[in-house]
Amino acid sequence: MLTVFSEAHRLHHGTELKDGVLKPSFEQPSRADTVRDRVRQVGLGDIIVPRRFDRACYVNAHSERYVAFLETAWAEWTAIGRSHDALPLVWPVRDLANQQVPDFIDGKLGFFAMDAGSPITRTTWEAVKTSADIALTGLALLDEGHYSAFALCRPPGHHAAREYMGGYCYLNNAAIAAQQAITQGAKRVAVLDVDFHHGNGTQNIFYDRPDVMFISLHGDPAVSYPYFSGASSERGAGAGEGFNLNYPLPKNTTWDHYRTALVDACQQLRRFAPEVLVISLGVDTFKDDPISHFLLDSQDFLGMGEIIASVGVPTLFVMEGGYMVDEIGINAVNVLHGFESKTQ
31 MLTVFSEAHR LHHGTELKDG VLKPSFEQPS RADTVRDRVR QVGLGDIIVP RRFDRACYVN
91 AHSERYVAFL ETAWAEWTAI GRSHDALPLV WPVRDLANQQ VPDFIDGKLG FFAMDAGSPI
151 TRTTWEAVKT SADIALTGLA LLDEGHYSAF ALCRPPGHHA AREYMGGYCY LNNAAIAAQQ
211 AITQGAKRVA VLDVDFHHGN GTQNIFYDRP DVMFISLHGD PAVSYPYFSG ASSERGAGAG
271 EGFNLNYPLP KNTTWDHYRT ALVDACQQLR RFAPEVLVIS LGVDTFKDDP ISHFLLDSQD
331 FLGMGEIIAS VGVPTLFVME GGYMVDEIGI NAVNVLHGFE SKTQ
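All letters in the sequence shown, in the order written, are residues 31 to 374 by our numbering.
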């Protein structure tokens with residue numbers, strides 16, 4: 031399996047407001063480096079650099095005004111004499127106006143953000159668009175005949191919605207790849223999100239569409255970030271009703287419980303019969319992950335890959351979360367090994 035990776039991910043690392051304290055972001059460059067090192071260590075396959083793609087590929091999944099904001103936010107932030115990381119201060123909640131983009135950067139940051147955990151720095155945009163290009167390169171490999179590929183994206187993407195960033199995510203790499211497949215002629219594409227946290231952004235982008243099925247297994251939003259999405263009752267809207275499936279799982283979920291949900295999810299995927307499957311591969315379901323509360327062990331990720339392989343279609347793995355740095359590489363690569371053991 032080819033892995034797509036770029037050193038440009040190191041261009042992004044800033045501060046976040048977490049636990050009431052402004053501190054260096056939990057989403058650190060070492061995450062991607064650790065996974066890359068494991069790919070090399072076990073000889074998974076060649077590691078290649080991403081190709082460059084037109085920004086229109088990002089706009090296809092997001093919106094023009096949101097992509098333009100990401101491109102220009104740092105320049106607007108520093109134009110008024112600021113040099114520290116750009117973070118939002120106020121959000122358009124409840125009855126506040128939420129359709130008109132403010133002119134001033136402080137208002138724009140709140141308009142286009144869901145939290146104060148996604149800082150914008152001088153080089154964030156370069157890292158963000160390269161991460162999206164990594165996913166698009168992975169999809170191109172499938173188009174060229176590869177049965178699977180691993181897009182080692184950083185920053186991650188599944189919390190980024192059509193018009194907002196959050197949860198360390200800016201452009202939704204998995205959604206951009208899925209939309210690119212549709213743009214190139216696929217009739218049915220699926221995104222399966224196995225990250226501990228609900229992929230609210232991916233759900234938002236495809237919620238009213240029947241051509242992209244979104245399925246997410248995640249911590250119950252009653253007690254887990256992002257709190258305001260991921261209920262089993264959220265099944266899509268309009269033409270997309272029934273094509274959005276959520277499996278919220280309780281604290282201390284073990285592999286036996288998780289496996290049952292994953293097997294059911296893959297049965298749903300086989301019924302949908304996608305031409306391409308995109309996996310939002312978060313491994314923060316690991317038992318020792320510091321910001322999650324499932325109980326999967328490293329060996330369980332092999333089983334996860336084996337079950338995903340049962341869908342039986344070309345598959346792109348897109349890296350999302352996972353914050354126990356010592357094990358993130360082992361767990362991510364175990365999923366890929368498990369998948370390959372059933373497809374070679």
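Where a beta carbon is used, it is the ideal one built from N, C-alpha and C, also for glycine.
> Under three-state DSSP, which class holds residue 87?
Replying inline: Helix.
> Going by Cα to Cα distance, which pick from 125, 141 and 126 is closest to residue 132?
Replying inline: Here the closest residue by C-alpha is 141.
> Taking the DSSP output, what are the residues bridged to residue 48?
Replying inline: 51.
> Does DSSP put residue 39 in a helix, in a strand, or in coil?
Replying inline: In the structure shown, residue 39 sits in a helix (DSSP, three-state: H, G or I).
> Quick one: Cα of residue 92 to Cα of residue 212, how far?
Replying inline: So the alpha carbons of these two residues sit roughly 14 Å apart.
> If you drop the 5 nearest sequence neighbours on each side, which residues of the same chain put their C-beta closer than 7 Å to that of residue 360?
Replying inline: A distance below 7 Å between beta-carbons, with the five flanking residues on each side excluded, links residue 360 to the following residues of its chain, in chain order: 68 and 328.
> Can the beta-carbon of residue 182 be found closer than 7 Å to that of residue 65?
Replying inline: Result yes, Cβ atoms of residue 182 and residue 65 sit closer than 7 Å.
>> For a test of the three-state rule: what should DSSP assign to residue 139, helix, strand or coil?
In response: Helix.
> Expressed to the nearest angstrom, what Euclidean distance is found between the alpha-carbon atoms of residue 281 and residue 344?
Replying inline: A direct Cα-Cα distance of roughly 32 Å separates residue 281 from residue 344.
> Around the C-beta of residue 201, are 16 or more other C-beta atoms found within 10 angstroms, so that it is buried, or is it exposed?
Replying inline: With 16 or more other Cβ atoms within 10 Å, it is buried.
> From residue 238 to residue 306, what distance separates their C-alpha atoms?
Replying inline: Roughly 19 Å between the two C-alpha positions.
> Looking at the unbroken beta strand (DSSP E) that takes in residue 276, where does it start and where does it end?
Replying inline: Residues 274 to 279.
> Buried or exposed: where does residue 374 fall if 16 or more other Cβ atoms within 10 Å of its Cβ makes it buried?
Replying inline: Exposed, because fewer than 16 other Cβ atoms sit within 10 Å of the Cβ of residue 374.
>> Applying the 10 Å Cβ sphere with the 16-neighbour rule, what's the burial state of residue 258?
In response: Classification for residue 258: exposed.
>> Between the alpha carbons of residue 32 and residue 309, how many angstroms are there, rounded?
In response: Looking at the two C-alpha atoms, the distance is approximately 15 Å.
> Rounded to whole angstroms, how far is the Cβ of residue 334 from the Cβ of residue 224, which I believe are closer than 8 Å?
Replying inline: The Cβ separation is near 7 Å, so the contact holds.
> Per DSSP, what kind of secondary structure is residue 102 in: helix, strand or coil?
Replying inline: For residue 102, the secondary structure class from DSSP, reduced to helix, strand or coil, is helix.
> Can we say the stretch 278 to 292 touches the stretch 183 to 198, given the rule of at least three CB pairs closer than 8 Å?
Replying inline: The stretch 278 to 292 makes no contact with the stretch 183 to 198, as fewer than three CB pairs between them are under 8 Å.
> With 16 other CB atoms within 10 Å as the buried threshold, where does residue 252 fall?
Replying inline: Looking at its Cβ environment, which holds fewer than 16 other Cβ atoms inside 10 Å, residue 252 is exposed.
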